[in-house]
Amino acid sequence: MRTSEVDWDDVRRRTLALRAKREAEQGGPRPPLPPPLTEAHIREAEEQFGLALPADYRRYLLHVSAGSEHNRIRELHRSDHGWRWRGDHDTLLARLGTPFPDHDTALAAEEEVWDRAPKEEDHADPAAFAAAHAAWSEEAEAAAEARVSGAVFLVAGGCSFSTLLVVSGPQRGTMWFDGRGTCDRLNPLLTDDDRPATFTEWYLDDLAHAERPDSPEKRAHTPISGRWFDDWRQYRS
Numbered sequence: 134m135r136t137s138e139v140d141w142d143d144v145r146r147r148t149l150a151l152r153a154k155r156e157a158e159q160g161g162p163r164p165p166l167p168p169p170l171t172e173a174h175i176r177e178a179e180e181q182f183g184l185a186l187p188a189d190y191r192r193y194l195l196h197v198s199a200g201s202e203h204n205r206i207r208e209l210h211r212s213d214h215g216w217r218w219r220g221d222h223d224t225l226l227a228r229l230g231t232p233f234p235d236h237d238t239a240l241a242a243e244e245e246v247w248d249r250a251p252k253e254e255d256h257a258d259p260a261a262f263a264a265a266h267a268a269w270s271e272e273a274e275a276a277a278e279a280r281v282s283g284a285v286f287l288v289a290g291g292c293s294f295s296t297l298l299v300v301s302g303p304q305r306g307t308m309w310f311d312g313r314g315t316c317d318r319l320n321p322l323l324t325d326d327d328r329p330a331t332f333t334e335w336y337l338d339d340l341a342h343a344e345r346p347d348s349p350e351k352r353a354h355t356p357i358s359g360r361w362f363d364d365w366r367q368y369r370s
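For the sequence shown, the numbering used here gives the first residue as 134, with consecutive numbering after it.
Okay, here's the thing in structure tokens:
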């Protein structure tokens with residue numbers, strides 16, 4: 134589905150209805166859905182980041198919410214230090230305009246750096262080793278940062294997992310899962326035809342699952358949010 138075909142006002146209605154349903158089921162109030170942002174707000178954030186946000190995520194911000202509590206999309210808000218995503222300590226704001234790299238190439242580059250980690254026995258004295266290790270640490274940190282440049286850590290998944298929205302480079306507008314905590318990889322979240330899902334595809338699929346979690350067709354359909362490994366088709370939600 135093209136972004137221009139989505140009725141984002143209806144998506145907001147559905148999102149609010151889901152929140153009300155969960156509130157009734159749990160017998161207590163839930164955190165309010167953050168209101169949408171204005172065009173002026175988004176342009177101000179984009180000017181700070183030095184890029185235009187992907188069109189469908191932009192429409193979500195304008196018509197649905199600055200961040201959705203039901204699937205833990207972090208709220209884009211203006212703090213005392215400028216625009217940022219609430220609770221996010223991983224997005225490299227200064228590198229959002231740097232293209233998100235080819236994953237295998239970036240992973241290989243980081244592994245090559247780690248293979249060159251200095252060894253204490255190869256240095257004449259502790260001071261020489263400390264200097265070499267400090268220089269290597271900077272290189273290793275840069276290699277790790279290069280892997281997630283051009284992406285926003287949009288959803289916190291817990292246990293060091295996150296879902297990323299790519300905002301720069303050839304994969305711009307697609308959703309990726311950060312599985313480095315278990316397999317050291319970042320993998321795209323996949324559509325039925327094994328394409329990296331767009332924000333719209335990911336959000337609408339997640340919303341549909343949340344609206345009808347027990348329907349037979351949903352139980353037989355692995356949600357896009359769970360399709361970050363190569364053999365995802367053998368699993369069912």
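Where is the CB? At the ideal position from N, CA and C, for every residue including glycine.
In the structure shown, what three-state DSSP assignment does residue i receive?
i: residue 221; result: coil
i: residue 269; result: helix
i: residue 145; result: helix
i: residue 214; result: coil
i: residue 160; result: coil
i: residue 274; result: helix
i: residue 168; result: coil
i: residue 359; result: helix
i: residue 151; result: helix
i: residue 257; result: coil
i: residue 226; result: helix
i: residue 369; result: Its pLDDT being 41, under 50, residue 369 is placed unreliably by the model, and nothing is read from it.
i: residue 281; result: helix
i: residue 262; result: helix
i: residue 289; result: strand
On a CA-only basis, which of the options is nearest residue i? Give me that one, please.
i: residue 286; options: 200, 261 and 338; result: 200
i: residue 179; options: 271, 229 and 343; result: 229
i: residue 300; options: 222, 336, 191 and 173; result: 191
i: residue 155; options: 361, 340, 359 and 354; result: 340
i: residue 278; options: 231, 308, 320 and 259; result: 231
i: residue 197; options: 237, 254 and 150; result: 150
i: residue 181; options: 226, 242, 272 and 303; result: 226
i: residue 237; options: 333, 157 and 280; result: 280
i: residue 141; options: 217, 194 and 306; result: 194
i: residue 361; options: 164, 307, 343 and 269; result: 307
i: residue 334; options: 321, 319, 357 and 343; result: 357
i: residue 189; options: 239, 221 and 138; result: 138
i: residue 208; options: 320, 288 and 177; result: 288
i: residue 205; options: 219, 215 and 173; result: 219
i: residue 211; options: 223, 176 and 319; result: 176
i: residue 148; options: 319, 317, 354 and 342; result: 342
i: residue 304; options: 355, 235 and 244; result: 235
i: residue 241; options: 345, 162, 260 and 273; result: 273
i: residue 354; options: 325, 331, 344 and 332; result: 325
i: residue 222; options: 295, 302, 245 and 164; result: 295
i: residue 172; options: 162, 153, 161 and 185; result: 185
Would you kindly report the start and end of the unbroken alpha helix (DSSP H) that includes residue i?
i: residue 237; result: 236-248
i: residue 126; result: Lying before the first or after the last residue shown, residue 126 is absent from the chain, which here runs from 134 to 370.
i: residue 194; result: 188-196
Give the C-beta separation of residue i and residue j to the nearest angstrom, bearing in mind that I take them to be a contact with Cβ-Cβ under 8 Å.
i: residue 298; j: residue 284; result: 7 Å
i: residue 323; j: residue 329; result: 7 Å
i: residue 270; j: residue 233; result: Incorrect: roughly 24 Å between the Cβ atoms, too far for contact.
i: residue 152; j: residue 163; result: 6 Å
Name the two residues that bound the continuous beta strand (DSSP E) containing residue i.
i: residue 294; result: 294-299
i: residue 233; result: Careful: residue 233 lies outside any beta strand (DSSP E) and carries neither H nor E.
i: residue 319; result: 319-321
i: residue 311; result: 308-311
Would you verify that the beta carbon of residue i is, or is not, closer than 8 Å to some beta carbon of chain B?
i: residue 212; result: Among the chains in the structure shown there is no chain B, since it carries only a single protein chain.
Any chance the segment 312-328 sits against the segment 260-267, with 3 or more Cβ pairs inside 8 Å? no
For the 8 Å Cβ check, are there 3 or more pairs between the segment 240-259 and the segment 161-173? no
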